[in-house]
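This report concerns only the one structure given below.
Numbering (UniProt numbering), first residue to last: 1 to 210.
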């Protein structure tokens, strides 16, 4: 992202330009670790890819596993998908991203058929969520990201939360598509958010070390 990139361009420009099975990353797709495609963008593209294979609305995504064996450079990526298993109750799909013939990212998505909820009660832990942000967030930011510690006001976060113990929470709002006019589905949004939340689980009282 250069200073010449306007706010309007940031809001209207997608992360990729699609050319057949090839996806060309735009500057906005760059992450914070050098000339590489951001992990949340890679995860989002893989999530979108596996979802396209399963066209039966009776199947819902239940799990997405993403592996990043190599950094993805700011260069075109080739996308390939295949269905590993297609059964009556589940479908398993694989998506692979390649650059120069080498695998830079891959994912497997598990889809389960909808069914009636069985009778009986199953124990699950109570989940207490922090307040949802009431502000719409900065309009010139392609990744609206808020990160707060437990029990803190969303609008007035405590700047000392990174050094304190306890769970961490993140609210994200994506404001641009992956490519062209393709809308972000709920599943794609989750795939993109997972890359951010994955770093928070390793956040210690001394910050993020790995």
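All residues carry an ideal CB built from backbone N, CA and C; glycine is no exception.
Using the beta-carbon count (16 or more within 10 Å), is residue i buried or exposed?
i: residue 37; result: buried
i: residue 201; result: exposed
i: residue 129; result: exposed
i: residue 90; result: exposed
i: residue 212; result: Any property of residue 212 remains undetermined from this structure, which presents the chain solely from 1 to 210.
i: residue 198; result: exposed
i: residue 186; result: exposed
In this structure, what does DSSP give as the bridge partners for residue i?
i: residue 86; result: 91
i: residue 66; result: 107
i: residue 22; result: 19, 78
i: residue 122; result: Answer is none; residue 122 lacks a bridge partner.
i: residue 99; result: 102
i: residue 203; result: 208
If you run the structure through DSSP and keep just helix, strand and coil, what is residue i?
i: residue 184; result: coil
i: residue 193; result: helix
i: residue 61; result: strand
i: residue 72; result: coil
i: residue 37; result: strand
What is the rounded straight-line gap between the Cα of residue i and the Cα of residue j?
i: residue 207; j: residue 55; result: 42 Å
i: residue 85; j: residue 53; result: 12 Å
i: residue 44; j: residue 126; result: 29 Å
i: residue 28; j: residue 121; result: 46 Å
i: residue 204; j: residue 67; result: 24 Å
i: residue 132; j: residue 41; result: 23 Å
i: residue 58; j: residue 113; result: 5 Å
i: residue 226; j: residue 194; result: A query on residue 226 cannot be resolved here, the shown segment of the chain reaching from 1 to 210 and no further.
i: residue 75; j: residue 123; result: 47 Å
From this set, the options, which residue's C-alpha is nearest residue i's C-alpha?
i: residue 178; options: 52, 169, 188, 172; result: 188
i: residue 175; options: 169, 184, 17; result: 184
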